[in-house]
Amino acid sequence: MALAAETKAIVGQYDYTDEDVNKGVKEFLRQMGEGLEKDGTSLSQIPTYVTAVPNGTEKGLYLAVDLGGTNFRVCSIQLNGDSTFHLTFSKVPIPKEMMVAKTSQELFAFLAKQIDVFLQTHHMADYDRHVRRRNTVSSPTGFKDEPVFRLGFTFSFPVKQVGINKGTLIRWTKGFDIPDAVGKDVCALLQVEIDKLHLPVKVAALVNDTVGTLMARSYTSPGKTGAVLGAIFGTGTNGAYLEKLANIKKPLEGEYDNSTGDMVINTEWGSFDNQLNVLPNTPWDIQVDKDSVNPGIQMFEKRVSGMFLGEIVRRTLLDMMGNEKMAFFKDENSSFNDWKSTTSIAEHSGIFKQWGLDSSIMSVAAADTTPELSTLRQELEGQLHVYSPSLEDAQAFKAVAGAVGRRAARLSAVAIGAIVLQTGQLSQAGDEPIDIGVDGSLVEHYPYFRDMIYEALRVIDGIGEEGAKRIRIGIAKDGSGVGAALIALVAAGMEKGQPVGEYVFPKPCLAKPPDRTNM
Ligand code: BGC
Numbered sequence: 001m002a003l004a005a006e007t008k009a010i011v012g013q014y015d016y017t018d019e020d021v022n023k024g025v026k027e028f029l030r031q032m033g034e035g036l037e038k039d040g041t042s043l044s045q046i047p048t049y050v051t052a053v054p055n056g057t058e059k060g061l062y063l064a065v066d067l068g069g070t071n072f073r074v075c076s077i078q079l080n081g082d083s084t085f086h087l088t089f090s091k092v093p094i095p096k097e098m099m100v101a102k103t104s105q106e107l108f109a110f111l112a113k114q115i116d117v118f119l120q121t122h123h124m125a126d127y128d129r130h131v132r133r134r135n136t137v138s139s140p141t142g143f144k145d146e147p148v149f150r151l152g153f154t155f156s157f158p159v160k161q162v163g164i165n166k167g168t169l170i171r172w173t174k175g176f177d178i179p180d181a182v183g184k185d186v187c188a189l190l191q192v193e194i195d196k197l198h199l200p201v202k203v204a205a206l207v208n209d210t211v212g213t214l215m216a217r218s219y220t221s222p223g224k225t226g227a228v229l230g231a232i233f234g235t236g237t238n239g240a241y242l243e244k245l246a247n248i249k250k251p252l253e254g255e256y257d258n259s260t261g262d263m264v265i266n267t268e269w270g271s272f273d274n275q276l277n278v279l280p281n282t283p284w285d286i287q288v289d290k291d292s293v294n295p296g297i298q299m300f301e302k303r304v305s306g307m308f309l310g311e312i313v314r315r316t317l318l319d320m321m322g323n324e325k326m327a328f329f330k331d332e333n334s335s336f337n338d339w340k341s342t343t344s345i346a347e348h349s350g351i352f353k354q355w356g357l358d359s360s361i362m363s364v365a366a367a368d369t370t371p372e373l374s375t376l377r378q379e380l381e382g383q384l385h386v387y388s389p390s391l392e393d394a395q396a397f398k399a400v401a402g403a404v405g406r407r408a409a410r411l412s413a414v415a416i417g418a419i420v421l422q423t424g425q426l427s428q429a430g431d432e433p434i435d436i437g438v439d440g441s442l443v444e445h446y447p448y449f450r451d452m453i454y455e456a457l458r459v460i461d462g463i464g465e466e467g468a469k470r471i472r473i474g475i476a477k478d479g480s481g482v483g484a485a486l487i488a489l490v491a492a493g494m495e496k497g498q499p500v501g502e503y504v505f506p507k508p509c510l511a512k513p514p515d516r517t518n519m
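Structure follows, in structure tokens:
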């Protein structure tokens with residue numbers, strides 16, 4: 001069989017049909033309901049105690065830090081009160097050894113150090129002023145606690161939230177594995193390390209990146225109502241949406257304002273269908289899961305997010321290369337090779353190593369529509385050290401990567417579609433858009449990812465062509481930082497009688513989204 005025909009048979013295993021999409025949506029809705037009833041379910045449906053989305057008029061200067069992807073980001077955000085903001089940030093890659101540090105103290109000390117460096121680089125005046133004042137104030141402890149900055153902590157892992165700045169880690173995801181942090185309050189862990197450095201910072205809010213994205217999208221996107229869903233399609237994947245309080249049947253232990261009748265729920269959809277009732281499961285999905293740090297967990301994420309897609313593709317290619325009968329990345333293919341006479345692969349190629357194929361090459365493959373696939377072939381040489389790949393090799397690579405990417409987009413549509421249906425917004429009259437804020441490398445950089453999501457949304461029963469037209473999926477760039485700032489703002493308002501430092505923190509104006517048609 002020619003390589004193209006053999007590849008087709010492999011690629012067919014990644015098909016995710018319209019019927020599968022609908023089955024997926026039904027099961028997603030069922031698991032959402034289950035998660036609203038009790039704890040310990042596959043879709044965690046975590047109440048966040050955030051009961052409204054912003055309306056764009058919020059103001060103030062806040063700090064935010066973001067842990068949960070490939071980088072650790074520290075930013076300060078000036079909210080201007082007119083749906084705009086000014087953001088200053090620094091980011092450092094999280095060292096691999098930190099992700100599996102022996103103790104959580106090592107990780108949180110590293111984070112506090114980055115905050116220190118950021119303040120000294122970008123907010124030296126505030127920093128100096130604060131230190132001077134601390135030294136001159138007499139109190140029994142030798143200094144007075146006058147936090148200048150309220151900090152929103154975006155911590156993008158499953159956390160059982162018990163208050164606006166309190167929550168215990170349920171489990172690590174995305175390759176992190178520091179067992180002693182599980183069950184601990186991550187805000188307290190960070191505050192302890194911040195205090196050791198005497199930084200003028202109070203951890204005021206604990207935020208999942210999806211909640212931040214939902215907040216940021218509502219702050220920045222004009223419309224009659226706020227966004228209904230914030231979602232991340234990056235290293236990991238997850239979504240947070242606005243649920244009716246009446247639908248949350250499990251006990252809510254923390255304090256919250258029930259005047260809006262809504263609460264933001266962090267679904268933790270990365271763990272949708274861990275039991276594999278409906279998720280597709282190819283031999284390569286099985287391998288990826290088996291060799292991960294958390295087998296059997298985050299099964300949806302392992303089919304959708306950037307961290308895993310490259311690895312699924314790599315495992316598939318490796319099997320194709322090992323198949324004697326398949327002329328893939330092999331000399332036998334040379335007769336078709338229009339570049340040089342032989343194809344070879346360096347021993348140190350990422351193809352042979354776990355996580356060795358970065359998902360970004362899938363974007364290159366999807367974007368290259370030239371007849372000779374020359375960009376992709378150069379990338380195969382440059383990134384994967386496959387020398388002189390033939391056109392047929394590149395076509396096979398593109399087909400496999402495309403199939404894995406397309407399946408991920410259609411699965412993403414399952415989650416988005418189910419949540420749109422759950423909010424009931426489509427059955428409300430009018431043609432007001434149903435707004436969804438998204439962020440993450442996959443949705444930002446993978447070509448046609450959003451188009452493929454829309455294609456699948458159109459076939460969902462209860463959404464259809466007309467419904468899909470009303471769904472507006474827009475990028476909420478830097479969403480998690482801005483969102484964390486917005487929640488820190490709410491937190492500042494909740495701290496009655498406490499000093500809030502140098503800046504004027506306005507009364508929180510998170511409220512039921514007003515009619516903003518004239519804005
Ligand atoms: C985490 C979520 C997070 C998502 C996106 C997942 O692995 O469990 O909390 O929102 O990644 O960063």
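Numbering (UniProt numbering), first residue to last: 1 to 519.
For glycine and all other residues, C-beta sits at the position ideal for the given N, C-alpha and C.
Legend entry - Spatial distance of LEU197 from GLU97 (CA atoms): 23 Å
Legend entry - Per-residue DSSP class, three states only, for THR260: coil
Legend entry - Residues near SER292 in its chain [Cβ-Cβ closer than 6 Å; skip 5 each side]: none
Inset, instruction - Would you tell me roughly how many angstroms separate the C-alpha atoms of ARG171 and VAL50, rounded to the nearest one? - result: 22 Å
Inset, instruction - From the DSSP output, in three-state form, read off THR14 for me. - result: Residue identity differs from the one stated: residue 14 is Tyr in this sequence, not Thr. Helix.
Inset, instruction - Note the first and the last residue of the continuous beta strand (DSSP E) segment covering PHE153. - result: 149-155
Legend entry - Inter-stretch contact at 8 Å, needing at least 3 Cβ pairs: the region 192-211 / the region 469-488: yes
Legend entry - As assigned by DSSP and simplified to three states, the class of TYR241: strand
Inset, instruction - Taking all protein chains shown into account, decide if SER259 is buried (16 or more other Cβ within 10 angstroms of its Cβ) or exposed. - result: exposed
Inset, instruction - Please work out which residues of its chain come closer than 7 Å, Cβ to Cβ, to ASN274, disregarding the five sequence neighbours upstream and downstream, and give them in chain order. - result: SER42, GLY296, ILE297, MET299
Inset, instruction - Can you tell me which of the three DSSP states ALA226 falls into? - result: Looking at the sequence provided, one finds Gly at residue 226 rather than Ala. It is coil, neither helix nor strand.
Inset, instruction - Can you grab the Cα-Cα spacing for the pair GLN498 / LEU63, in whole Å? - result: Below a pLDDT of 50, predicted positions are generally treated as unreliable, and GLN498, at 39, falls in that range; no measurement from the model is reported.
Inset, instruction - Answer yes or no: the CB of residue 547 versus the heavy atoms of ligand 1, is any distance below 7 Å? - result: Residue coverage of the chain in this structure runs from 1 to 519, which leaves residue 547 outside it and unanswerable.
Legend entry - CB of THR173 within 8 Å of CB of PHE155, strictly: no
Legend entry - PHE397 versus LYS184 - alpha carbon distance: 44 Å
Inset, instruction - Return yes when the Cβ of GLY437 is within less than 8 Å of the Cβ of GLY474, no when it is not. - result: yes
Legend entry - Cβ distance (whole Å) where VAL228 is taken to contact ASP435 below 8 Å: 6 Å
Legend entry - Neighbourhood of ALA2 by C-beta distance below 6 Å, restricted to the same chain and skipping five residues each side: none
Legend entry - Near ligand 1: THR237 beta-carbon under 7 Å from a heavy atom: yes
Inset, instruction - Flag this pair as yes or no: are the beta carbons of GLU193 and LEU79 separated by less than 8 Å? - result: no
Inset, instruction - Answer yes if the region 362-374 comes into contact with the region 412-422, meaning at least three C-beta pairs across the two stretches below 8 Å, and no otherwise. - result: no
Legend entry - 6 Å CB neighbourhood of GLY254 in its chain, flanking five on each side removed: TYR49, VAL162, GLY163
Inset, instruction - Please confirm whether any heavy atom of ligand 1 lies closer than 7 Å to the CB of GLN425. - result: no
Legend entry - CB of LEU357 within 8 Å of CB of ARG314, strictly: yes
Inset, instruction - Measure from the alpha carbon of PRO200 to the alpha carbon of each residue in ASP126, GLY236, GLY212, then state which is nearest. - result: ASP126
Legend entry - Reference LYS244; option with closest CA among LYS250, PRO54, ASP262: ASP262
Inset, instruction - Tell me where the beta strand (DSSP E) around GLY310 begins and ends. - result: First-last for GLY310: 306-322, but that is the alpha helix (DSSP H), not the beta strand (DSSP E).
Legend entry - Entirely enclosed alpha helix (DSSP H) segments - the region 419-485, minimum 4 residues: 441-445, 449-457, 464-470
Inset, instruction - Can you give me the start and stop residues for the alpha helix (DSSP H) that LEU43 sits inside? - result: Unbroken run through LEU43: none, as it is neither H nor E.
Inset, instruction - Confirm, please, whether the CB-CB distance from VAL159 to GLY186 is below 8 Å. - result: Going by the sequence as given, residue 186 is Val instead of Gly. For VAL186 and VAL159, yes; Cβs fall inside 8 Å.
Inset, instruction - Mind checking which residues open and close the beta strand (DSSP E) that includes PHE85? - result: 85-93
Legend entry - Check: GLN161 C-beta below 7 Å from any heavy atom of ligand 1: no
Inset, instruction - Over the uninterrupted alpha helix (DSSP H) stretch that includes GLY60, give me the two end residues. - result: Taken as a continuous stretch (DSSP letters only), GLY60 belongs to no alpha helix (DSSP H), being part of the beta strand (DSSP E) at 59-67.
Legend entry - Assigned secondary structure, ASN247 (DSSP; H/G/I helix, E/B strand, else coil): helix
Legend entry - beta strand (DSSP E) segment containing SER76, residue limits: 71-80
Inset, instruction - Alpha carbon to alpha carbon, how far is ILE265 from LYS496? Give it in angstroms, no decimals. - result: At LYS496, the pLDDT of 46 sits below 50, so the modelled position is not reliable; the number obtained from the coordinates is stated separately. Those two C-alpha atoms are separated by around 26 Å.
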